[in-house]
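In full-length UniProt numbering, the protein residues as written are 1 to 616.
One structure is given below, encoded as structure tokens.
In structure tokens, the structure reads:
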């Protein structure tokens, strides 16, 4: 516990100078990130100091001008209240201030005083608080900040906490004065659009009052023609943002370019499954959004091309509605707003899909804590498809459905592993934003990219298959890069022969009730009685089997020059490399304490299967 009796100390002046310098150099819009904590005026602003490895926070309206003397803000890995790291602040009549570094009990009923105090207050008055925290305090009673998904847990009460023997009861709070919000704390600086506002042109692509079907999963497609001014001249997309009507129904959206030269595409507005055949030519991703995401801005050197003489004038909007309660009567006009400029930037940007095919060739057994699936973009594909100078990846959106809990993409150049493209060890399908990458990987021809997704199927009684439905699973990384290439999809699945051999083995050796090894894949998977041995055998099969490789152009056709069926996998090591922590040994007084950052071994997915499954 620290006590502050002067509302403006040395640290206050330091922070004031910091804010002044930010304003003077006009960098606040890039370095300051904002998150609204409630629907009123309570919000947190933060700035990442990468050199000092600390984060500055400012919570505005935390105490509501003295109405609530106690405010707590915590850092949680999965959004749970149990064993969460909290900074708790008290302000009394703007004269007496206290701060406590605390953590919650396993049952979430108690708040314990931390042995080491690491909530470093800079400024506090009767309405706001500013403080800072190290990325890693090396305190087992604190959470480690990372670049993946975290959760801000906050609350405030109209009383002071009563501490007894270094702990107190968690206060009761109203629903209006508490919340849990996903956030990427350690995020890259924001990007400002370089062009002046008056030269930006806005294009809205949205549904027109669609009656959402009372079905769990609906993919709705609208094919339309671009406005004449876009058809006449090439432009660059510099930003896109979602237009959401029903946030509890819209799971994700994509805008596709129709790649068909000057072929006229039939306009359409209806379920994607009934779309005319010509609509299948609209498959080149232009813009995308998923739950939790906001707008996306391109770096100043690149823009996504749209329009012009070589651009087919038709585009397709696809909206995925998730309606698990089968509600009827919803009217929806969701879509995307796109900002474009006529003066072209240096590079054409593009979007590429990495990961796994949307197919029932891949499956996840029930009752698993972190079952891994691997999607490959092999060296033979990048060798054929990428320019000699390679590509630069500046953005990434990781994507799964309900059961995904961890996603990462690794980068290999021959036998050498380079820094990861993107990684979220605490991935949530509710928060799938496109993330600007602070480190921008340079992928060269002959490099390989391996995307791994981990799934939690505890509580499920049946197998989960790959597919399009929300009850199926996906494993995708949409990467945003420049310069644009013809490579649209670099994804894989297990080869047909390998899967046949696996089912044949299960039928003849394991005596599973499989009617035929070449029968329907979903039926064969569902016929298997899963136990620990068979789960491990499936992991080994996926890790070692040749691939059916999709090295596809925008028209959906594979690149020529290689036999993509039974393609070789990319070899890699497990477990995934973890950066060592620069921490001294834990003090003896804390060695008994289990770290807040430790959980079940398989939360990170690599340590739950036998060593024989680790690839060298």
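Think of the CB as a built atom: it goes at the ideal place given N, C-alpha and C, for glycine as much as any other residue.
Given the structure is predicted, the values throughout are model-derived calculations rather than measurements.
Worksheet entry | Helix, strand or coil at residue 215 according to DSSP, with G and I counted as helix | coil
Discussion item. Once DSSP output is grouped into helix, strand and coil, what is the label at residue 427?
Written reply: coil
Practice prompt. Spatial neighbours of residue 341 within its chain, please: CB distance less than 8 Å, with the 5 preceding and 5 following residues excluded, ordered by chain position.
Written response: Excluding sequence neighbours, residue 341 sits near 195, 199, 200, 201, 235, 236, 238, 303.
Worksheet item: Using the rule of at least 16 other Cβ atoms within 10 Å of the residue's Cβ for burial, across every protein chain shown, is residue 324 buried or exposed?
Response: exposed
Fill in: Distance, residue 510 Cα to residue 206 Cα
52 Å
Worksheet entry | Contacting residues, own chain, Cβ-Cβ under 6 Å from residue 241 (five flanking each side not counted) | 295, 337
Worksheet item: How many whole angstroms separate the CB atoms of residue 181 and residue 135, which I take to be in contact at a CB cut-off of 8 Å?
Response: Wrong, their Cβ atoms sit about 20 Å apart, outside the cutoff.
Worksheet item: Starting from residue 552 and walking both ways along the alpha helix (DSSP H), at which residues does that stretch end?
Response: From DSSP, residue 552 is part of no alpha helix (DSSP H) but of the beta strand (DSSP E) over 547-553.
Worksheet item: Are the Cβ atoms of residue 376 and residue 492 separated by less than 9 Å?
Response: Yes; because the gap between Cβ atoms is below 9 Å, this pair is in contact.
Worksheet item: Cα separation between residue 346 and residue 385?
Response: 21 Å
Fill in: Nearest to residue 178 (by Cα), restricted to the options 190, 430, 165, 153
153
Discussion item. Using a Cβ-Cβ cutoff of less than 6 Å, which residues in the same chain neighbour residue 460 once the five nearest sequence positions on both sides are dropped?
Written reply: 366
Practice prompt. At 4 residues or longer, and completely inside the region 179-236: list those alpha helix (DSSP H) runs for me, N to C.
Written response: 228-232
Worksheet item: Taking the continuous alpha helix (DSSP H) assigned at residue 45, which residues delimit it?
Response: Element bounds for residue 45: not the alpha helix (DSSP H) but the beta strand (DSSP E), 43-49.
Worksheet item: Hey, would you say residue 156 sits closer than 9 Å to residue 64, going by beta carbons?
Response: Cβ distance < 9 Å, so residue 156 and residue 64 count as in contact.
Discussion item. Buried or exposed, going by whether 16 or more other CB atoms sit within 10 Å of the CB of residue 277?
Written reply: exposed
Worksheet item: Is the distance from the Cβ of residue 455 to the Cβ of residue 534 below 9 Å?
Response: Cβ atoms of residue 455 and residue 534: not closer than 9 Å.
Discussion item. If I follow the unbroken alpha helix (DSSP H) through residue 507, where does it start and stop?
Written reply: 496-508
Item to complete: Look at residue 111 and residue 92 and say whether their C-beta atoms are less than 9 Å apart.
Response: no
Discussion item. Suppose the cutoff is 6 Å on Cβ atoms and the five residues either side in sequence are ignored; what does the same chain contact list for residue 381 look like?
Written reply: 490, 551
Discussion item. Using a Cβ-Cβ cutoff of less than 8 Å, which residues in the same chain neighbour residue 383 once the five nearest sequence positions on both sides are dropped?
Written reply: In chain order, 445, 446 place their CB closer than 8 Å to the CB of residue 383, counting only its own chain and leaving out the 5 sequence neighbours on each side.
Discussion item. For a minimum of 3 consecutive residues, which ranges assigned as the beta strand (DSSP E) are wholly contained in the region 408-484?
Written reply: 416-424, 448-455, 476-482
Worksheet item: Three-state secondary structure (DSSP) at residue 535?
Response: Residue state for residue 535 is assigned as helix, using DSSP reduced to three classes.
Fill in: Where residue 70 sits in the DSSP three-state scheme
strand
Discussion item. Do residue 450 and residue 398 have their beta-carbon atoms positioned less than 9 Å apart in this structure?
Written reply: No, the Cβ-Cβ distance between residue 398 and residue 450 is not below 9 Å.
Worksheet item: Any chance the region 121-132 sits against the region 47-64, with 3 or more Cβ pairs inside 8 Å?
Response: The region 121-132 vs the region 47-64: in contact.
Fill in: residue 90 to residue 406 span [Cα, whole Å]
36 Å
Worksheet entry | Element boundaries [alpha helix (DSSP H), containing residue 60] | Residue 60 -> not in any alpha helix (DSSP H); beta strand (DSSP E) instead, spanning 54-60.
Worksheet entry | Cβ of residue 240 within 9 Å of any chain B Cβ | In the structure shown, chain B cannot be found, because there is only a single protein chain.
Worksheet entry | For residue 521, the first and last residue of its enclosing alpha helix (DSSP H) | 521-526
Discussion item. Measuring alpha carbon to alpha carbon, tell me which residue in 147, 116, 108, 161 is nearest residue 98.
Written reply: 161
Practice prompt. Determine, using beta carbons only, whether residue 500 and residue 523 come nearer to each other than 9 Å.
Written response: no
Worksheet item: With burial defined as no fewer than 16 other Cβ atoms inside 10 Å of the residue's Cβ, what is the status of residue 52: buried or exposed?
Response: exposed
Discussion item. Extract the residue ranges of the beta strand (DSSP E) inside the region 260-344, only unbroken runs of 3 or more that lie entirely within it.
Written reply: 268-271, 282-290, 302-306, 314-322, 335-341
Worksheet item: Does DSSP put residue 383 in a helix, in a strand, or in coil?
Response: helix
Worksheet item: If you drop the 5 nearest sequence neighbours on each side, which residues of the same chain put their C-beta closer than 7 Å to that of residue 231?
Response: 307, 313
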